[in-house]
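Number of protein chains: 2
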Amino acid sequence: MVIMGYFEQLKRKQVEKCSLLCAGIDIDLEKIPACFTGSSRFVNFGDTFIRAVAPYVPVVKINLAFSEAEGMFPEVNEFVHKARSLGLLVIIDAKRGDIGNSSAKYAQYVFDRLGADATTVSPYMGSDSVEPFLEYADKGVYVLCRTSNGGAKDFQSLEVVRPAMLGGTAPLYQVVAETAARQWNGRGNCGLVVGATAPEELGQVLKATDYMPLLVPGVGAQGGDVKAVVSRLGRSTSMINQSRSLMLPPGSAGAESPEEYAEIVAAAAKKAVEEINSCR
Amino acid sequence: MVIMGYFEQLKRKQVEKCSLLCAGIDIDLEKIPACFTGSSRFVNFGDTFIRAVAPYVPVVKINLAFSEAEGMFPEVNEFVHKARSLGLLVIIDAKRGDIGNSSAKYAQYVFDRLGADATTVSPYMGSDSVEPFLEYADKGVYVLCRTSNGGAKDFQSLEVVRPAMLGGTAPLYQVVAETAARQWNGRGNCGLVVGATAPEELGQVLKATDYMPLLVPGVGAQGGDVKAVVSRLGRSTSMINQSRSLMLPPGSAGAESPEEYAEIVAAAAKKAVEEINSCR
Chain L
0 MVIMGYFEQL KRKQVEKCSL LCAGIDIDLE KIPACFTGSS RFVNFGDTFI RAVAPYVPVV
60 KINLAFSEAE GMFPEVNEFV HKARSLGLLV IIDAKRGDIG NSSAKYAQYV FDRLGADATT
120 VSPYMGSDSV EPFLEYADKG VYVLCRTSNG GAKDFQSLEV VRPAMLGGTA PLYQVVAETA
180 ARQWNGRGNC GLVVGATAPE ELGQVLKATD YMPLLVPGVG AQGGDVKAVV SRLGRSTSMI
240 NQSRSLMLPP GSAGAESPEE YAEIVAAAAK KAVEEINSCR
Chain D
0 MVIMGYFEQL KRKQVEKCSL LCAGIDIDLE KIPACFTGSS RFVNFGDTFI RAVAPYVPVV
60 KINLAFSEAE GMFPEVNEFV HKARSLGLLV IIDAKRGDIG NSSAKYAQYV FDRLGADATT
120 VSPYMGSDSV EPFLEYADKG VYVLCRTSNG GAKDFQSLEV VRPAMLGGTA PLYQVVAETA
180 ARQWNGRGNC GLVVGATAPE ELGQVLKATD YMPLLVPGVG AQGGDVKAVV SRLGRSTSMI
240 NQSRSLMLPP GSAGAESPEE YAEIVAAAAK KAVEEINSCR
């Protein structure tokens, strides 16, 4: 049996659904619409959201920060099962990274225990901290490169002296991108996280890496420009993530039932896909 | 009531116990001594270890990678309670870091839900990713700086052009250290992770930061030199972590009972403290 790698699966699903959108699941219990009640509202809200966006996205991204803050652990497994049963790929957004034997355990957690198709990792600790994730050859590994937040400039944008074989200087995020492209992508399962809030840097990263796949957060609540991003993606198997703007679109807080909430979310997802496609 | 900050508490406990040792809890189920059996062996092993080291250390460090890989979540809370009931401080080694609203959730997880006294964070995403942790003013926040693993050289050791106010160039780890010292330590609750495998870099970091508190892994299984580290610590409220070499010291695999295992661990901890103190 030939196992299809994550990025090949993603490419096919993106073509099938004609969608580059990724729906991010960040469940803040304090912000869940009032129509979700009772002790199971975390799961019910997440399930409703996943069903609502499923026709419009190839992939969902679950941010572990939110489930951990609420002590919701089995619930993440439920979301993964729900999403996969609807034919979606699942990214676990964990941003982990540690010395080799610890990173191996984190990889075991996200891929074996949670059953993710892909995850996000931090590059700060270098090759041996990323390698245990990459060893899962059929899984996708998105390395943080140029992130969408204001603090990205503190270190990622500093000009660094590049490794000898490359020469010259470049911003740290570009050295991370080049390292990922040249040293970490031997199995073809490595991607990069580059924020929509920095479209020029995004373009540079794509060119420097021969169009590695990007996970692009920062559109929606963070204010990134869809057109500036999409026009640069070229032939890369990239995707644009939206979390808050899809989970809590205008009008959703006042939804009178989960069904009405689902309709509002589906409409927001459909609109987001159309907006992205209008820029392709 | 005056709440004593983490580093002040740590300093007092280090003096009381005459110990700079931190005992790291990395429970690999496959390596637990055979005398621990049954479905509760993860917890029993951890509990036994904490009781055995308690007389010799002011603080324990729990690495979440290992508990997450086994799906052991309530068990971490049990370890925290056990350690605190024995008068120990608890570091949750999580190495998290994300955009602000997500980092706030991770901070909530480690400090509010797990009840940690301190945690480790990754600096790659910059100030706004670290700030939500620092806002817990009575908690300690150790920022990854120059880590103990081989891959630390990939990015941390690259020479970077420093921010304008500092001028010149310096290795990335030093810029991270300087940023932590100048911008992130306003509440006096910030420390740094610097590996024992790089004692010269450790000395540079201490001098550049006016002796900020360090968490120093890399002694023991990773081969760092105790004397080279301890001789450089000066007046900083630093500590040396040992995980594998304390949890699984020579002879522990063949222990015939948890009591015998505890004796072997206690002897190893006592010896480690004496070795560190002989270099002070």
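As given, the protein sequences belong to chains L and D, one line each in that order. So in the working numbering the end of the first sequence lands on 279, straight run, no missing numbers. So in the working numbering the end of the second sequence lands on 279, straight run, no missing numbers. For each residue, glycine too, the CB sits at the ideal point set by N, CA and C.
Close-in-space but distant-in-sequence residues of the same chain around residue i (CB under 8 Å, 5 per side omitted)
i, result
"Leu63 (chain L)", "Val75, Ile91, Asp92, Ala93"
"Phe6 (chain L)", "Gly139, Gly187, Asn188, Gly190, Pro212, Thr236"
"Gly99 (chain L)", "Asp127, Ser128, Glu130, Pro131"
"Asp137 (chain L)", "Ile2, Met3, Gly4, Tyr5, Asn188"
"Pro198 (chain L)", "Gly223, Asp224, Ala227, Val228, Arg231"
"Gly202 (chain D)", "Arg231"
"Thr208 (chain L)", "Ala176, Glu177, Ala179, Ala180, Leu191"
"Phe72 (chain D)", "Ser66"
"Arg306 (chain D)", "Nothing in the structure corresponds to residue 306 (chain D), since chain D is present only between 0 and 279."
Close Cβ partners of residue i (< 6 Å) along its chain, the five nearest in sequence each way excluded
i, result
"Cys189 (chain D)", "Val140, Ala179, Trp183"
"Lys60 (chain D)", "Cys21, Gly23, Ile90, Asp92, Asn240"
"Ala220 (chain L)", "Arg243, Ser244"
"Ala51 (chain D)", "Ala261, Val264, Ala265"
"Glu200 (chain D)", "Arg145"
"Val218 (chain D)", "Ala195, Val225, Ile239, Gln241"
"Ser156 (chain D)", "Pro170"
"Ser256 (chain D)", "Cys34"
"Ser102 (chain L)", "Ser128, Pro131"
"Lys147 (chain L)", "Just to set this straight, residue 147 (chain L) is Ser in the shown sequence, not Lys. Correct list, in chain order: Gly194, Thr196, Pro216, Gly217, Gln221."
"Lys323 (chain D)", "Limits of chain D in this structure are 0 at one end and 279 at the other, which puts residue 323 (chain D) out of reach."
"Lys12 (chain L)", "Pro57"
"Ala115 (chain L)", "Val89, Ile91, Val109"
Sequence-distant residues of its chain with Cβ nearer than 7 Å to residue i (five each side left out)
i, result
"Ile263 (chain D)", "Pro248, Gly250, Ser251, Ala254"
"Tyr135 (chain D)", "Ala106, Phe110"
"Arg161 (chain L)", "Gly167, Thr168, Ala169, Val174"
"Pro32 (chain L)", "Ser251, Ala252, Ala254, Tyr260"
"Leu133 (chain D)", "Val140, Trp183, Arg186, Asn188, Cys189"
"Gly10 (chain L)", "Residue identity differs from the one stated: residue 10 (chain L) is Lys in this sequence, not Gly. Excluding residues within five positions, the ones whose Cβ falls inside 7 Å are Thr236."
"Lys81 (chain L)", "Asp46, Ile49"
"Ala53 (chain D)", "Leu85, Leu87"
"Arg279 (chain L)", "Val229"
"Lys269 (chain D)", "Tyr55"
"Ser38 (chain D)", "none"
Supposed close pair residue i, residue j - CB separation, criterion 8 Å
i, j, result
"Leu245 (chain D)", "Ala271 (chain D)", "7 Å"
"Phe154 (chain L)", "Val229 (chain D)", "Contact doesn't hold; Cβ gap of about 30 Å is too wide."
"Asp97 (chain L)", "Tyr108 (chain L)", "With 8 Å as the limit, Asp97 (chain L) and Tyr108 (chain L) do not qualify as a contact, their Cβ atoms being about 12 Å apart."
"Glu67 (chain L)", "Leu28 (chain L)", "12 Å between Cβ atoms; not a contact."
"Leu113 (chain D)", "Val79 (chain D)", "6 Å"
"Tyr55 (chain D)", "Ser84 (chain D)", "That pair is no contact at about 17 Å."
"Gly125 (chain D)", "Lys152 (chain L)", "7 Å"
"Glu158 (chain L)", "Val159 (chain D)", "7 Å"
"Tyr123 (chain L)", "Tyr210 (chain D)", "Contact doesn't hold; Cβ gap of about 23 Å is too wide."
*Do the segment 88-107 of chain D and the segment 4-23 of chain D touch if we need at least three Cβ pairs shorter than 8 Å?*
yes
*Which residues, in chain order, does the segment 225-253 of chain L contribute to contact with chain D at a C-beta distance below 9 Å?*
Arg243
*Only counting runs of 3 or more residues, tell me where the beta strand (DSSP E) segments fall wholly within the segment 83-128 of chain L, in order along the chain.*
88-95, 117-120
*Okay, do the segment 32-49 of chain L and the segment 216-233 of chain L touch, 3+ Cβ pairs below 8 Å being the bar?*
no
*Could you list the residues in the segment 110-135 of chain D with a C-beta less than 7 Å from some C-beta on chain L, going in chain order?*
Arg112, Ser121, Pro122, Tyr123, Met124, Gly125, Ser126, Asp127, Ser128
*Fully enclosed by the segment 125-199 of chain L, which beta strand (DSSP E) runs are 3 residues long or longer?*
Fully enclosed beta strand (DSSP E) runs of 3 or longer: 139-145, 158-160, 168-170, 189-193.
*asked:* So, does the segment 118-127 of chain L touch the segment 157-168 of chain L, judging by three or more C-beta pairs under 8 Å?
replied: no
*Which residues, in order along the segment 148-160 of chain L, keep a beta-carbon less than 8 Å from a beta-carbon of chain D?*
Asn148, Gly149, Gly150, Ala151, Lys152, Asp153, Phe154, Gln155, Leu157, Glu158, Val159, Val160
*Near-chain L residues of the segment 183-210 of chain D - C-beta to any C-beta below 8 Å*: none
*Residues within the segment 162-175 of chain D neighbouring chain L, beta-carbon criterion of under 8 Å*: Answer in chain order: Pro162, Thr168, Leu171, Val174, Val175.
_Residues of the segment 48-71 of chain D with Cβ closer than 7 Å to any Cβ of chain L, in chain order_ = Asn62, Ala64, Phe65, Glu67, Ala68, Gly70
*Would you list, in sequence order, the uninterrupted alpha helix (DSSP H) runs of no fewer than 4 residues that lie entirely inside the segment 20-74 of chain L?*
40-52, 63-68
_Counting only Cβ-Cβ distances shorter than 9 Å, please list the residues of the segment 254-272 of chain D near chain L, keeping chain order._
none
*Between the segment 12-28 of chain L and chain D, which residues of the former have a C-beta closer than 9 Å to a C-beta of the latter?*
Asp25, Asp27
*For the segment 201-229 of chain D, which segments carrying the beta strand (DSSP E) assignment without a break, of at least 3 residues, lie completely within its bounds, in sequence order?*
Entirely contained in the segment 201-229 of chain D, the beta strand (DSSP E) runs reaching 3 residues are, in chain order, 213-215.
*asked:* Which residues of the segment 94-111 of chain L have a Cβ closer than 9 Å to any Cβ of chain D? Give them in chain order.
replied: Sequence-ordered contacts of the segment 94-111 of chain L with chain D read Lys94, Arg95, Gly96, Asp97, Ile98, Gly99, Asn100, Ser101, Ser102, Ala103, Lys104, Tyr105, Ala106, Gln107, Tyr108, Val109, Asp111 [C-beta pairs closer than 9 Å].
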